[in-house]
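Respectively, the protein sequence lines represent chains A and B.
First residue of the first sequence? That's 114 in the working numbering, and the numbers climb one at a time after it.
First residue of the second sequence? That's 77 in the working numbering, and the numbers climb one at a time after it.
Think of the CB as a built atom: it goes at the ideal place given N, C-alpha and C, for glycine as much as any other residue.
Worksheet: the structure to be examined is printed underneath.
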Amino acid sequence: MKFSSSTRNLLQRLGFGALTLMALVTVAPIIGTVIYIFAQGGPAMSWEFLSGFPRDGMRAGGILPAIVGTLYLTLGTAIFSVPLGVAAAIYLAEYAPDNHWTHLIRIAIINLAGIPSVVYGLFGLGLFVIFLNFGTSILAASLTLSIMTLPVIISTSEEALRAVPQAFRTVSISVGATRWQTIRRIVLKEALPGILTGVILGLERAAGETAPILFTGAAFFLPRLPGSPFDATMAVPYHLFVISTQVPEMPIQIQYGTALVLLIFVLGMNLIATVIRSRARARRQW
Amino acid sequence: MNKILIESLSLQYSDGTESLRNVSMGIPANQITVLFGPAGGGKSTLLRCLNRLNDLTEVRASTGKILIDGENILDPKTDVIALRRKVGMVFARPVALPMSIRANLTYGLELAGEKRRSRLDEAVERSLRLAAIWDEVKDRLDDPAIALSGGQQQRVCLARVLALQPEIVLLDEPTSGLDPISTGKVEAALQELKKDYTIILVPHSVQQAGRTADHAAFFLQGELVEYRPGQEIFTNPKDKRTEDYVTGRFG
Numbered sequence: 114m115k116f117s118s119s120t121r122n123l124l125q126r127l128g129f130g131a132l133t134l135m136a137l138v139t140v141a142p143i144i145g146t147v148i149y150i151f152a153q154g155g156p157a158m159s160w161e162f163l164s165g166f167p168r169d170g171m172r173a174g175g176i177l178p179a180i181v182g183t184l185y186l187t188l189g190t191a192i193f194s195v196p197l198g199v200a201a202a203i204y205l206a207e208y209a210p211d212n213h214w215t216h217l218i219r220i221a222i223i224n225l226a227g228i229p230s231v232v233y234g235l236f237g238l239g240l241f242v243i244f245l246n247f248g249t250s251i252l253a254a255s256l257t258l259s260i261m262t263l264p265v266i267i268s269t270s271e272e273a274l275r276a277v278p279q280a281f282r283t284v285s286i287s288v289g290a291t292r293w294q295t296i297r298r299i300v301l302k303e304a305l306p307g308i309l310t311g312v313i314l315g316l317e318r319a320a321g322e323t324a325p326i327l328f329t330g331a332a333f334f335l336p337r338l339p340g341s342p343f344d345a346t347m348a349v350p351y352h353l354f355v356i357s358t359q360v361p362e363m364p365i366q367i368q369y370g371t372a373l374v375l376l377i378f379v380l381g382m383n384l385i386a387t388v389i390r391s392r393a394r395a396r397r398q399w
Numbered sequence: 077m078n079k080i081l082i083e084s085l086s087l088q089y090s091d092g093t094e095s096l097r098n099v100s101m102g103i104p105a106n107q108i109t110v111l112f113g114p115a116g117g118g119k120s121t122l123l124r125c126l127n128r129l130n131d132l133t134e135v136r137a138s139t140g141k142i143l144i145d146g147e148n149i150l151d152p153k154t155d156v157i158a159l160r161r162k163v164g165m166v167f168a169r170p171v172a173l174p175m176s177i178r179a180n181l182t183y184g185l186e187l188a189g190e191k192r193r194s195r196l197d198e199a200v201e202r203s204l205r206l207a208a209i210w211d212e213v214k215d216r217l218d219d220p221a222i223a224l225s226g227g228q229q230q231r232v233c234l235a236r237v238l239a240l241q242p243e244i245v246l247l248d249e250p251t252s253g254l255d256p257i258s259t260g261k262v263e264a265a266l267q268e269l270k271k272d273y274t275i276i277l278v279p280h281s282v283q284q285a286g287r288t289a290d291h292a293a294f295f296l297q298g299e300l301v302e303y304r305p306g307q308e309i310f311t312n313p314k315d316k317r318t319e320d321y322v323t324g325r326f327g
């Protein structure tokens, strides 16, 4: 088919217009959600809301136990998943030979990432809560969240390690470094920003999950803060679920206030990851 | 006196690419020995055997011996870390490690356990002078090495090798990416260095081979075709294939 130049111009503009529109359609729900949550939840924000205990059957007061619980769970998840995930990534990127065995490991990791989070929850209930007898606890919930987070940390860390130029390794080895010295002094140092980004994104997902902690560590209501890793805990996402569905006559601003706290927590982690990444990119020497 | 003696060395990568076929040669101390020939001839492979960098690549088979000071370095019991400190290597593309100029130079020494600041500073200055780059970088040793020009980086890479006080220096087309002035500086540095080091150079052209060689070996498809002392190989080649290559009939 042949078009005149003005027709082609028009078609081109229509094409661009359609693409721009589609981009806007993707972004709009995100912006809309954020604005809506801020508008609805903003009025609930107060010092009491952030630092107080729930009162009147959670219909008033604050959500401190949930906030502290989510911090504990995120920290617990980090303690288990970061060393294990980074170590696995180092093995896969730096040591593992390219054979059927490592192929199998990779397939397992990809599939692990695709398992629905409620299935992790059930698995955690069976393994950590019942079989290992940790009970419904921060420990069991953190371990469950760790398993869910591992694939994200492993694959992003492996990618960050592989992005470090091969020539650095060759040069390092050629001046008498061992493989491990090369990894520790050069490869890890250069891959660190990428690894941190992956870790934060993984933990961010863990912090916002409800299903995996539902059976393993989340408490409906606790009148005090958890005192040990073997205590159950309240958590912001589960608390949000509870006050939105399980408690009648719930004031709406407390629901949206809780959602806002969760959103700020997650967006904050996202922001940190973005800052780390852009600063590292500016400083990178290759 | 031969510093290195290669006896019937054969080697194949597991993907079947570049290989060496039954190569035997002696490499004298305190001279520049040049290995030249068209790409894929096995020159780089041979260099990488000499400090066991080939260990990083998958090698299907290797037979034969490489004796350095009488010891077979292909022996599995060889301390490869010590070997690599003794046999340094400069690569075709200058690779500055992502750190300061000073840290690039002290990297190998620190790995070897040297902690004394005075020793490290001494090594930095000595090796930068030897590599003919001291005057250009002495005021900016703490700048990132990557900020230097390609020619400067390559001389820093040479200095990084010299900082370890090796006995043998391998250079794999060290000037292939450099302008003629930088190339001249590197070649001049090599002429100085051969007084104290055994140098093996894979040149990036026949002309460079001719300019720098004390001894020259012509490699073709994994085979050592001709190896002669001095410049004879360029002026009076014995083998037809060498003559064809040197005179530019192929390559």
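- Between residue 214/A and chain B, the shortest Cβ-Cβ separation is not below 8 Å.
- When secondary structure is reduced to three states using DSSP, residue 302/B falls in the strand class.
- Per DSSP, residue 78/B is one residue of the beta strand (DSSP E) stretching across 78-89.
- Residues of chain B whose Cβ lies closer than 7 Å to the Cβ of residue 287/A are, in chain order, 127, 129, 160 and 165.
- For residue 290/A, the chain B residues whose C-beta falls within less than 9 Å of its own C-beta are 157, 160, 183, 184 and 187, listed in chain order.
- Sixteen is the threshold: since fewer than 16 other Cβ atoms of the shown chains lie within 10 Å of the Cβ of residue 213/A, the residue is exposed.
- Here residue 188/B is not near residue 250/B, since their CB atoms are 8 Å or more apart.
- Here residue 168/A has 174 as same chain residues with Cβ atoms under 8 Å from its own Cβ, once five neighbours each way along the sequence are excluded.
- DSSP places residue 397/A outside any beta strand (DSSP E), giving it a letter other than H or E.
- At least one C-beta of chain A is nearer than 8 Å to the C-beta of residue 220/B.
- Taking 8 Å as the cut-off, the Cβ atoms of residue 277/B and residue 235/B do not count as close.
- In this structure, DSSP gives residue 382/A a helical state, which the three-state scheme calls helix.
- Under the rule that a run must span 3 or more residues, no beta strand (DSSP E) segment is found entirely inside the segment 212-283 of chain A.
- Residue pairing by DSSP places residue 223/B opposite no residue, since no beta bridge is assigned to it.
- For the segment 239-252 of chain B, the beta-carbon criterion of a distance under 7 Å to any beta-carbon of chain A is satisfied by 240.
- In the DSSP annotation of this structure, the continuous segment of the alpha helix (DSSP H) that includes residue 355/A starts and ends at 349-358.
- The contact set of residue 160/A on chain B, defined by CB atoms closer than 8 Å, is empty, because the minimum CB distance reaches about 46 Å.
- Between residue 163/B and residue 126/B, the gap from beta carbon to beta carbon is short of 8 Å.
- Pairing residue 289/B with residue 225/A, the inter-Cα distance amounts to about 59 Å.
- Taking C-beta atoms as the reference points, residue 386/A and residue 314/A count as a pair closer than 8 Å.
- Boundaries for residue 122/A: no beta strand (DSSP E) harbours it, while the alpha helix (DSSP H) harbouring it runs 118-154, taken from the DSSP string.
- Against residue 231/B, chain A offers no close residue; the least beta-carbon distance is about 15 Å (beta-carbon pairs closer than 9 Å).
- Residues of chain B with a Cβ closer than 8 Å to the Cβ of residue 280/A are, in chain order, 167, 169 and 171.
- Shown here, residue 201/A sits in a helix according to DSSP, grouped into three states.
- Listed in chain order, the non-local C-beta contacts of residue 154/B below 8 Å within the same chain comprise 128, 147 and 148, local neighbours out to five positions each way being set aside.
- The beta carbon of residue 293/A does not come within 8 Å of any beta carbon belonging to chain B, so the residue lies off that interface.
- Under the 8 Å criterion on CB atoms, residue 202/B is classed as non-interfacial with respect to chain A.
- Using beta-carbon distances, residue 317/B does not count as an interface residue toward chain A, since no partner is under 8 Å.
- The C-beta distance from residue 185/B to residue 239/B rounds to 6 Å, short enough to meet the 8 Å contact threshold.
- Taking a contact as a CB-CB distance under 8 Å, the pair residue 217/B and residue 258/B does not count as one, their CB atoms being some 20 Å apart.
- Where residue 97/B is concerned, the enclosing beta strand (DSSP E) starts and stops at 95-104.
- For residue 236/B, the closest Cβ of chain A is nearer than 8 Å.
- Along the segment 200-233 of chain A, none of the residues has a CB nearer than 7 Å to a CB of chain B.
- DSSP places residue 204/B in the uninterrupted alpha helix (DSSP H) bounded by 193-206.
- For the segment 298-314 of chain A, the set of residues with a beta-carbon nearer than 9 Å to any beta-carbon of chain B comprises 298, 299, 302 and 303, in chain order.
- Counting only the Cα atoms, residue 141/A lies some 38 Å from residue 301/A.
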